[in-house]
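To keep things clear, I will list the structure first and then write my remarks on it.
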Amino acid sequence: MTQTARKEEESQGAEGFYEPLIRCICERRSIRSFHETQVPDEIIMKILEAGRWAPSGGNSQPWEFIVVKRRDILEKICEIFVKDREQRIREKVNFPGSSKAYIAKVPAMIVVVADPRWKQAYPSTDFTPTLRRMYARNREFIFVKSVAAAVQNMFLAAASLGLGMAWLTGFAEDRMGKKLRRLLKVPEPVRLMAGLPAGYPKVTYHTKFRRPLQDLIHYETYDPTRLKRDDFFRNYCENERNRMTYSAGRMEK
């Protein structure tokens with residue numbers, strides 16, 4: 001086989017992965033209603049394996065995973081979230097939110113934690129105080145983005161296996177984080193980053209809005225004539241956000 005023919009064959013083989021991948025990406029949904037059917041350990045391991053292979057700054061792989069299946073622990077996690085939501089309502093926090101009562105009955109949860117000492121693997125300098133601060137901020141960005149890549153990998157792996165997940169960012173918030181840290185016995189300086197309830201979906205979401213691709217693309221440089229006005233974002237938050245976040249055409253299975 002000639003080198004040209006081999007490259008063409010490899011290219012065709014690579015393209016064969018795209019269609020199932022993009023289908024998985026497009027059909028993935030954040031799920032908050034699950035059947036009580038237990039998720040086999042081997043399925044959980046496949047999801048974690050996908051997370052393990054995510055890209056990370058300096059190949060630091062800062063993530064670790066706590067798999068929670070014990071009902072008493074899940075119920076305590078649920079209690080923390082439910083009470084915090086009640087407090088948010090009293091505090092008039094500007095976000096629609098949703099009930100987290102489902103956490104008590106979720107079959108499993110993957111809690112993503114990460115050790116910030118891995119940030120030593122990212123660019124830094126003591127050349128000037130200004131540069132030191134700049135690179136410190138940049139290291140935090142790299143750290144969080146690396147963990148987010150692992151979460152995305154696990155979301156897609158779960159979807160490919162017929163499971164659903166939600167992304168609970170509250171694990172990283174100070175108020176809930178302190179309680180969750182004690183419950184899950186997470187030592188300092190390890191940080192709680194996210195909780196991913198996982199299970200077989202009790203509902204299916206048949207629509208999901210995405211902005212048209214051409215509205216997102218700029219060629220060569222940013223087109224300033226397409227910069228959105230401030231009132232566009234105000235309108236979204238006041239009139240669209242709740243529907244776009246939690247009302248995606250769900251159907252009971």
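If you count the sequence shown from 1, position 100 lands on 100 in full-length UniProt numbering, and the numbers rise without skipping. Glycine included, each C-beta is placed from N, C-alpha and C at the ideal position.
Taking the CA atoms as reference points, ALA157 sits about 5 Å from ILE47.
Going by beta carbons, ILE25 and LEU183 fall outside the 8 Å limit. In this structure, DSSP gives ARG32 a state outside helix and strand, which the three-state scheme calls coil. Setting aside the 5 residues that flank it on each side, VAL68 is surrounded in the same chain by LEU74, ILE77, ALA108, MET109, ILE110, VAL111 and LEU184, each with a C-beta closer than 8 Å to its C-beta; the list follows chain order. Measuring C-alpha to C-alpha distances from LYS100 to each of GLU79, LYS92 and ALA114 identifies GLU79 as the nearest. With 16 or more other CB atoms across the displayed protein chains lying within 10 angstroms of its CB, TYR122 is buried. Between the beta-carbon of ALA149 and that of ALA172 there is about 16 Å, and that puts the pair past the 8 Å contact cut.
In this chain, ARG191 is not harboured by any alpha helix (DSSP H); it is covered by the beta strand (DSSP E) spanning 191-199. In terms of Cβ geometry, TYR102 and GLY162 do not form a close pair [threshold 8 Å]. Closest in C-alpha terms to TRP63, from the list ARG117, VAL147 and ILE43, comes VAL147. Sixteen is the threshold: since fewer than 16 other Cβ atoms of the shown chains lie within 10 Å of the Cβ of LYS92, the residue is exposed. Residue burial annotation: TRP118 is buried, with at least 16 other C-beta atoms found within 10 angstroms of its C-beta. The three-state secondary structure of PHE232, taken from DSSP, is helix.
Annotated three-state conformation of PHE65 is strand, per DSSP. Collapsing the DSSP output to three states places TYR205 in a strand. Nearest C-alpha to LEU196 among PRO55, THR169 and TRP53: THR169. Taking 8 Å as the upper bound for CB-CB distance, LYS208 and ARG29 are in contact here, some 7 Å apart. Beta-bridge annotation (DSSP): ILE110 is paired with VAL67 and LEU196. For PRO129, the enclosing alpha helix (DSSP H) has its first and last residue at 129-160. Each residue's CA atom was taken as its position, placing ARG132 and GLU27 some 43 Å apart. Burial check for ASN239: the Cβ neighbour count within 10 Å stays below 16, so the residue is exposed. Straight-line measurement puts the Cα of ASP41 at about 15 Å from the Cα of GLY51. Minimum Cα-Cα distance from GLU36 among the listed residues TYR222, ARG71 and ASN59 corresponds to ARG71. Around the C-beta of GLY16, fewer than 16 other C-beta atoms lie within 10 Å, and the residue is accordingly described as exposed.
In the three-state scheme derived from DSSP, where H, G and I count as helix and E and B as strand, GLY97 is classed as coil. Look at LEU216 here: in three-state DSSP terms it is coil, with no helix or strand label. With fewer than 16 other Cβ atoms from the protein chains shown falling within 10 Å of its own Cβ, ILE89 counts as exposed.
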